[in-house]
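Protein chains in written order, with my numbering: chain A, 767 to 879; chain B, 1148 to 1781; chain C, 298 to 464. To start, the structure under review is shown below, and the notes come after it.
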Amino acid sequence: MGDLFLNFMSGTVPIEAYIGVSLIMFFAGVYGFLSRKSLIMILVSVELMINAADINFVVFNRYLYPGQMEGFFFALFTIAIAACETAVAIAIIINIYRNWTSVEVGNLDEMKE
Amino acid sequence: MQYTLLIVLLPLLSFIVLGLVDSKWKPKVAGIIGTAVLTIITVLSYYTAFEYFTTAKDLAGVYQKIIPFHFEWLRFTEYLHIDLGILLDPISVMMLVVITTVSLMVNIYSLGYMVNEKGFERYYAFLSLFTFSMLGLVVATNIFQMYIFWELVGVSSYLLIGFYYTKPSAVAAAKKAFIVTRFADLGFLIGILVLSFYTKTFDFGVLTSGDASVFAGITGVTFMGFSALSWAMALIFIGGAGKSAMFPLQIWLPDAMEGPTPVSALIHAATMVVAGVFLVARLFPVYVEYTPHVLHGIAYVGAFTSLFAAVIACVQTDIKRVLAFSTISQIGFMMVGLGVAGYAGHEGLGYMASMFHLFTHAMFKALLFLGAGSVIHAVHSNEMNHMGGLRKHMPITNITFLIACLAIAGIPPFSGFFSKDEILAATFEFSPYLGATMSFIAGLTAFYMFRLYYSIFWGKERKHEHTPHESPFVMAFPLVFLAVVTVFAGLIPFGHFVTSDRANYDIELDKMVAGISVLVAIISITIATIMYRKESEVPKKLATSFSGLHRAASNRFYIDEVYMFITKKIVFNSISRPLAWFDRHVIDATMNGFAGTTQWVSLKIKGVQSGQVQQYAYVFLLGTLLITALILFI
Amino acid sequence: MAEQIIFYILAVIIAVFSIMAVTSKHIIRSATYLLFVLLGTAGLYLLLGYHYLFGVQIAVYAGGIMVLFIFAILLTNRPGEKVELERKDRRLVAGITSLVGLAFCGHIIYWNISKVYTYIVPAELKVQDIGHTLMGTNKYQYLLPFEFISILLLACIVGSLLIARKR
């Protein structure tokens, strides 16, 4: 933490700052996941969490392993996979809406009879 | 002599076939199969006897024990193994002949007696099972095989007594028979275990070989003042006493008359009840050599039982009950005969006489029962009060019954005279008091048998629904056959065949004893004739003057009530009820407690599976944080 | 210095808008705030020197996924209507949980970061290098995952079509 203040406004951004941003974003996503009723809001929270993780990967890649590219590619593929997952999730939400006319997550607590 | 295996296995096969097929075939087929199988094994037994008694003598004229079949069935340790096999020696061959003959007669007789009964096939299946078990018992090579077949015989007896399973009295009688004999078998088993633990063998050949080293382990071991060997042999006798209805275990035999009459003839007169006598005879060398005091005890028990049963038989009114008590009395005779015997030569007279009496008694007792069955079949009742003057209607039954009564009373030249006379001779040699008692009992026997005879066939005729008719040929033929045997069996020189040491023994007739016994018999018969041949007041007057004794004897001296008291008031109340309470309130409560606790817990944790995604996410998140914390900080 | 200022602006945008996205009563507003968060993230990528990722983020996330979201929202809700929030106690518990998690993770990271971090001058990432690595088959190269992702995309398209078709 001491570095943060020393390097404040001088030189490059310290790594702790980036990680702080991603932490806030992630736990906002957690809060949203646990406290919202609508399925779409839960999906939004999941997107937030995924993006926070992406930032983490990229930042570590840049700051700890500057010569290599694993973090970068992981973030790339994660974006692609998140896109797939969102598509399928939205298809499911539409199907649920057709059956129950509402997308509240509290309705979905029983298995098919 | 390998064909002896067939003698034992064919009835088993017949049981399985008849039991499985049951009512799919016509009933007559079952009867024919059963009878055919028995005919085959009867012929085989006769052939075995012929071959054995003519070829098995060694140079000294002693019969050898032949083991045509033997295999080891289960082995547990070096000393503990259960074998199955066939042992042929004089008494087992004799028993083979007796059992198959009587069983064949009963099978033929049942073709007529049990016709139109429901369960005809079941009856024949059980008869085959019984024949198989009894045959297996007598040819057993070791005491454990005998115990196995002993139990099988008990089961067959239970099944057959309870044949009319819709009658509550028959069911109760079957239960009583099984439980009493089972209780006695407990003693038998303990005796077997004690004996084999010290001698390290079950085998009869080893135990009775006369080799003293076999018993080296057991001499010197005492328990409560008696040697372990005495305990073992006494306990083994208790098992035999249960099966042979010795006092105080005789209570089941009169009740066992609830079964069909041919069953009574086969099981409870001729074969199963002599299993106890056979057991003592089998182990006789051990008894006579090492525990003679137990043997004398056996004699006294037999004598007391004999007297007890004879007294009761004098006042019974149900003809089958009279015959049942007569059986108990005669088995008492056989036990006495064994009990007073020594070993070898003239000492072994009691042994030989006992076996001879077993043979002849089987024949004429079966005849008596089958004859009683004829009468019951004609009159449809067991009570003597419903019969009388039947000699006009049933001549064959009359004559054969009379022959049997003369035989059992001990009138020469019928077979009963020879066998009973030898027993009396042996008892007189042992102790004059015992001899006198047995003679008195013989007198009582003659008395009550002729009382029975006159009440059925002479006296005033009663009214019947339809006139009694003679039995059909299938029922009359066994009667005639057995009557012929009874007449001529006395002439068999039994001492040439069966003796205590398997050597030859020429029977001499002791004129004194013979004279006394015949005299006693004739006096008793005369008394019976006076009292019962025609209607007379003498029986009633005697009954009222000895009213206490008469009443006690009619109620079989209240022994049944004593047993009922002990079981109901003592055992049930102080042992069974508390145990039942314990079982219901403690053990069941514990089990229900387990179930109830499980249900309660499951109710409480049901909420974990709510189906709510966000709840699952909570748990997931908290779990992850917790595990991370645990790993990092501990 | 400019770098730092830009970073702090972006950081504030991301933080504020993400919190507003999850606490808003209108769904469309949530979606819009999410869009801004994604754009902010793209800016962060650019700041770190990953131009390609910046492009992909804008194109896929902000362009494609957000459109999907808007479609889904408009198909399942009436726009403009206020959404009911959860009960107060549930929100409180969720908030506390996330704050606990935040504190925990933050503590671990900030306690230990100086042990692994050494400051190095960044170098630029060339697109040719990206291309070679993406399409190469050697040890640290990503042709196989690339092909798998294409199959995954195919499966997702087919799956979504099947799930959401009219019956």
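Virtual Cβ for every residue (Gly too), placed ideally from N, Cα, C. Predicted model only: the values in this text are computed from it and were never measured.
Taking one C-beta from the stretch 1204-1224 of chain B and one from the stretch 1263-1271 of chain B each time, how about it: are there three or more such pairs within less than 8 Å?
Not touching, per the Cβ criterion.
Span of the alpha helix (DSSP H) around B:Asp1236:
Careful: B:Asp1236 lies outside any alpha helix (DSSP H) and carries neither H nor E.
For C:Val319, return the contacting residues in chain A, with the cut-off set at a CB-CB distance below 8 Å.
Ala794, Gly795, Tyr797, Gly798, Ser801, Arg802, Met807, Val810, Ser811, Leu814
Let me confirm a value: B:Gly1782 is counted as buried when at least 16 other C-beta atoms fall within 10 Å, else exposed. Which label applies?
Only positions 1148 to 1781 of chain B appear in this structure, which leaves residue 1782 of chain B out of reach.
Quick check: B:Val1421 and B:Phe1564, are their CB atoms within less than 9 Å of each other?
no
Just how far apart, CA to CA, sit B:Phe1729 and B:Phe1719?
The C-alpha of B:Phe1729 lies about 14 Å from the C-alpha of B:Phe1719.
What is the C-beta distance between B:Leu1258 and B:Phe1335, in whole angstroms, given that I count them as a contact (C-beta under 8 Å)?
Contact flag wrong, Cβ pair sits at about 36 Å.
Outcome for B:Met1738 when other beta-carbon atoms lying within 10 angstroms are tallied against a minimum of 16
exposed
If you follow the beta strand (DSSP E) that B:His1217 is in, where does it begin and where does it stop?
Under the DSSP assignment, B:His1217 falls in the beta strand (DSSP E) whose first and last residues are 1213-1222.
Segment contact, 8 Å Cβ cut-off, at least three pairs: the stretch 1631-1643 of chain B with the stretch 1544-1557 of chain B
yes
Run of the alpha helix (DSSP H) containing B:Ser1303, from where it starts to where it stops
1290-1308
Measure the beta-carbon distance from B:Val1435 to B:Tyr1490 and round it to whole angstroms, keeping in mind my assumption that it falls under 8 Å.
5 Å
Given a threshold of 16 other Cβ atoms within 10 Å of its Cβ, counted over all protein chains shown, does C:Ser411 qualify as buried or as exposed?
With fewer than 16 other beta carbons inside 10 angstroms of its own, C:Ser411 counts as exposed.
Closer than 8 Å is the cut-off here; do at least three beta carbon pairs connect the stretch 856-864 of chain A with the stretch 350-370 of chain C?
yes
DSSP bridge partner residues for B:Thr1369 (one or two, in chain order)
B:Ser1374
Measure from the C-beta of B:Ala1776 to each C-beta in chain A and report whether the shortest distance is under 9 Å.
no
Looking at chain A, which residues of the stretch 1755-1767 of chain B have a Cβ within less than 7 Å of any of its Cβ atoms?
In summary, the residues of the stretch 1755-1767 of chain B whose CB is separated from some CB of chain A by less than 7 Å are Ser1757, Gly1758, Gln1759, Val1760, Gln1761, Ala1764, Tyr1765, in the order they occur in the chain.
Taking any Cβ of chain B, which residues in the stretch 354-375 of chain C have a Cβ under 7 Å from it, in chain order?
Listed by position, the residues of the stretch 354-375 of chain C near chain B (Cβ gap below 7 Å) amount to none.
Pick from B:Tyr1193, B:Leu1167, B:Gly1166, B:Arg1649 that is closest to B:Tyr1150, judged by C-alpha positions
B:Tyr1193
Let's test the definition: count the other Cβ atoms within 10 Å of the Cβ of B:Pro1579 and tell me whether it reaches 16, buried, or not, exposed.
Burial call: exposed.
Three or more C-beta pairs closer than 8 Å, one from the stretch 1343-1357 of chain B and one from the stretch 1287-1301 of chain B: is that the case here?
yes
With 9 Å as the threshold, decide whether the Cβ of A:Ser877 is near any Cβ in chain B.
Residue 877 of chain A is actually Met in this sequence, not Ser. Closer than 9 Å to some Cβ of chain B, the Cβ of A:Met877 qualifies, so yes.
If you measure from the beta carbon of C:Gly398 to each beta carbon in chain B, is any gap under 9 Å?
Taking 9 Å as the CB threshold, C:Gly398 lines the interface with chain B.
Within 9 Å (strictly less), CB to CB, does B:Leu1779 reach chain C?
yes
Which residues in chain B sit within 9 Å of A:Val871, going by Cβ to Cβ distance?
Gln1759, Val1760, Gln1761
Quick one: Cα of B:Glu1198 to Cα of B:Leu1157, how far?
20 Å
Apply the 10 Å Cβ neighbour rule to B:Tyr1705 and answer buried if 16 or more other Cβ atoms are within range, or exposed otherwise.
exposed
From what residue to what residue does the alpha helix (DSSP H) around B:Ala1416 run?
Unbroken run through B:Ala1416: none, as it is neither H nor E.
In the DSSP output, what is B:Ile1229 paired with across the bridge?
B:Leu1221
With distance defined between alpha-carbon atoms, name the residue in B:Asn1545, B:Ser1453, B:Gly1166 nearest to B:Leu1306.
The option with the nearest alpha carbon to B:Leu1306 is B:Gly1166.
Relative to the C-alpha of B:Leu1376, which candidate in B:Ala1392, B:Ile1398, B:Val1341, B:Thr1348 has its C-alpha closest?
Considering only alpha carbons, the answer is B:Val1341.
Check whether chain B comes within 9 Å of C:Ile406, counting only Cβ atoms and requiring the distance to be less than that.
no
Counting only beta-carbon separations shorter than 9 Å, does C:Thr394 have a partner in chain B?
Taking a beta-carbon distance threshold of 9 Å, C:Thr394 counts as an interface residue toward chain B.
Taking Cβ positions only, does C:Arg326 come closer than 9 Å to chain A?
no
B:Tyr1150 by DSSP, collapsed to three states: which one?
coil
Distance, Cα to Cα, C:Thr394 vs C:Gly433?
44 Å
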